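*Asks:* Below you will find the structure I want to go over with you.
Residue numbers (this note's numbering): -18 to 363.
Structural data, given as structure tokens:
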């Protein structure tokens, strides 16, 4: 329910039907949330007379309405199950989903499939079914962004509303809040490299020639905040991946221990070479490395002994130049998004005897009641 499966030419949603009845007093988290909300008498879960409104999660999904006719699911609505998108609660809705492999799809007619931001038929249909917008208004796609231009005018001292007082902020607004799309070099890489090891007149991009990025492991999607024993069998340590030709030019080989250095810091990790990566880019999986003692892992877990992060290379602030009045955040000047993908690095082979990931931190202190027992083998129904 938190990830609607709609497609460009169809509205769609789905449910998950339990296939195993938990024993003891184990309950799905959705059931627990409904139970807690009911006991706390949240208004949406309580009738006017104070009695409980929903028996369980299934009852909640089928009968909850945000506004009349609009519930959590869009399929088989109405008392007889013949309505779609909007309609009265159907007591058999859950079973209808189960009969249809848990999926529902409402195909848009041909005249509603395109330019929906300005499509009269679609916008009127959307208002009727409370999809969005009341009354139906066209969504204007601005190539020339008036909101961005207002910020720029404020930086130029030409706006009637609030204006920044700092010259640094004025210059930032005037330059980057352009109402038309434009390209500029990543801020960090364009800065002059001043400090230890920096050549006078060189930029960071010149002294650190490789882009370094991370990506979310596809098998880790939706495993946030938890450790999964099965996923650990797939990926419990990571390497830095480099184009094979680039590695050859640096006299590096697959499996070498390497130093990866930015203007901010450095790490030691193992190299993997591959063909399918751009020659000036290195990458690794995101969030594999863990501090020993976290996530309930053993101190010698692979995530702590062979996994690493690029965090130690990324500065929260842009480097200070001689003319800077103050240091600015290393982030996108418009959205404030941290500029992780602007990272520039250089890579070199470790000296003989330099092995193992670095830096390494002391194990995190155990939580109260954690006596350190970790099963070496997980068994279920064995």
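Where is the CB? At the ideal position from N, CA and C, for every residue including glycine. Since the structure is predicted, the reported quantities are computational estimates derived from the model, not experimental observations.
Rounded to whole angstroms, how far is the Cβ of residue 193 from the Cβ of residue 171, which I believe are closer than 8 Å?
*Replies:* So it is not a contact: roughly 17 Å between Cβ atoms.
*Asks:* What does the Cβ neighbour count give for residue 248, buried or exposed, with the cut at 16 atoms within 10 Å?
*Replies:* It is buried - the Cβ of residue 248 has at least 16 other Cβ atoms within 10 Å.
*Asks:* Name the residue from 239, 218, 285 whose alpha carbon lies nearest to the alpha carbon of residue 343.
*Replies:* Residue 343 has its Cα closest to that of 285, out of 239, 218, 285.
*Asks:* Which residue from 259, 20, 288 puts its Cα closest to that of residue 272?
*Replies:* The candidate whose alpha carbon is nearest that of residue 272 is 288.
*Asks:* Please work out which residues of its chain come closer than 6 Å, Cβ to Cβ, to residue 178, disregarding the five sequence neighbours upstream and downstream, and give them in chain order.
*Replies:* Any reading at residue 178 needs caution, since the residue's pLDDT is 49, under 50, leaving its predicted position unreliable; the model's value is listed next. Same-chain partners within the cutoff: there are none.
*Asks:* Residue 239 and residue 328 - do their beta-carbons sit closer together than 8 Å?
*Replies:* Contact flag set, yes.
*Asks:* Among -13, 252, 212, whose alpha-carbon lies nearest the alpha-carbon of residue 231?
*Replies:* The shortest Cα separation from residue 231 among -13, 252, 212 belongs to 252.
*Asks:* How far does the beta strand (DSSP E) with residue 261 in it reach, from first residue to last?
*Replies:* Per DSSP, residue 261 belongs to no beta strand (DSSP E) and is neither H nor E.
*Asks:* Note down the Cα distance separating residue 197 from residue 300, rounded to an integer number of angstroms.
*Replies:* Between residue 197 and residue 300, the C-alpha separation is close to 28 Å.
*Asks:* When you compare the CB positions of residue 130 and residue 160, do they come within less than 8 Å of one another, or not?
*Replies:* Yes, they are a contact pair.
*Asks:* With which residues is residue 247 paired in a DSSP beta bridge?
*Replies:* Residue 247 is bridged to 242.
*Asks:* Which residues bound the beta strand (DSSP E) around residue 328?
*Replies:* First-last of the beta strand (DSSP E) with residue 328: 325 to 330.
*Asks:* When we look at the beta-carbon of residue 290 and count the other beta-carbons within 10 Å, is it buried (16 or more) or exposed?
*Replies:* Label assigned to residue 290: buried.
*Asks:* Go ahead and pull the three-state DSSP assignment for residue 225.
*Replies:* Here residue 225 sits in helix by DSSP.
*Asks:* Check the C-beta distance from residue 221 over to residue 241 and give it rounded, since I have them as a contact under 8 Å.
*Replies:* Yes, residue 221 and residue 241 are in contact; Cβ-Cβ is about 6 Å, under 8 Å.
*Asks:* Measure the Cβ-Cβ separation of residue 12 and residue 45 and say whether it is below 8 Å.
*Replies:* No, Cβ-Cβ distance for residue 12 and residue 45 is not below 8 Å.
*Asks:* For residue -6, write down the residues that DSSP places opposite it in a beta bridge.
*Replies:* According to DSSP, residue -6 bridges with 85.
*Asks:* So residue 67 and residue 29 are supposed to be a Cβ contact under 8 Å. How far apart are they, rounded?
*Replies:* Residue 67 to residue 29, Cβ: 24 Å. No contact.
*Asks:* Taking the Cβ atom as the reference point for each residue, do residue 122 and residue 98 lie within a distance shorter than 8 Å?
*Replies:* Cβ distance < 8 Å, so residue 122 and residue 98 count as in contact.
*Asks:* Reducing DSSP to helix, strand and coil, say where residue 275 ends up.
*Replies:* Helix, per DSSP.
*Asks:* Hey, how far is the Cα of residue 201 from the Cα of residue 145?
*Replies:* Going by the C-alpha atoms only, they are around 43 Å apart.
*Asks:* May I ask which residues mark the beginning and end of the alpha helix (DSSP H) holding residue 17?
*Replies:* Taken as a continuous stretch (DSSP letters only), the alpha helix (DSSP H) holding residue 17 covers 10 to 20.
*Asks:* Would you list the residues sitting across from residue 148 in a DSSP beta bridge?
*Replies:* In the DSSP output, where bridge partners are listed per residue, residue 148 has none listed.
*Asks:* Going by C-alpha to C-alpha distance, which of 292, 35, -14, 237 sits closest to residue 332?
*Replies:* With distances taken between Cα atoms, residue 332 lies closest to 237.
*Asks:* For residue 256 and residue 225, which I take to be in contact (beta-carbon distance under 8 Å), what is that distance rounded to the nearest angstrom?
*Replies:* About 6 Å; that satisfies the 8 Å criterion.
*Asks:* Where does the unbroken beta strand (DSSP E) through residue 119 begin, and where does it stop?
*Replies:* Here residue 119 belongs to no beta strand (DSSP E), and DSSP marks it neither H nor E.
*Asks:* Between the alpha carbons of residue 206 and residue 125, how many angstroms are there, rounded?
*Replies:* With a pLDDT of 47 at residue 206, under the threshold of 50, the modelled position of this residue cannot be trusted; read the value that follows with caution. Rounded to whole angstroms, residue 206 to residue 125 spans 41 Å at the Cα level.
*Asks:* What's the C-alpha gap between residue 102 and residue 86?
*Replies:* About 19 Å.
*Asks:* Note the first and the last residue of the continuous alpha helix (DSSP H) segment covering residue 194.
*Replies:* Careful: residue 194 lies outside any alpha helix (DSSP H), inside the beta strand (DSSP E) at 191 to 196.
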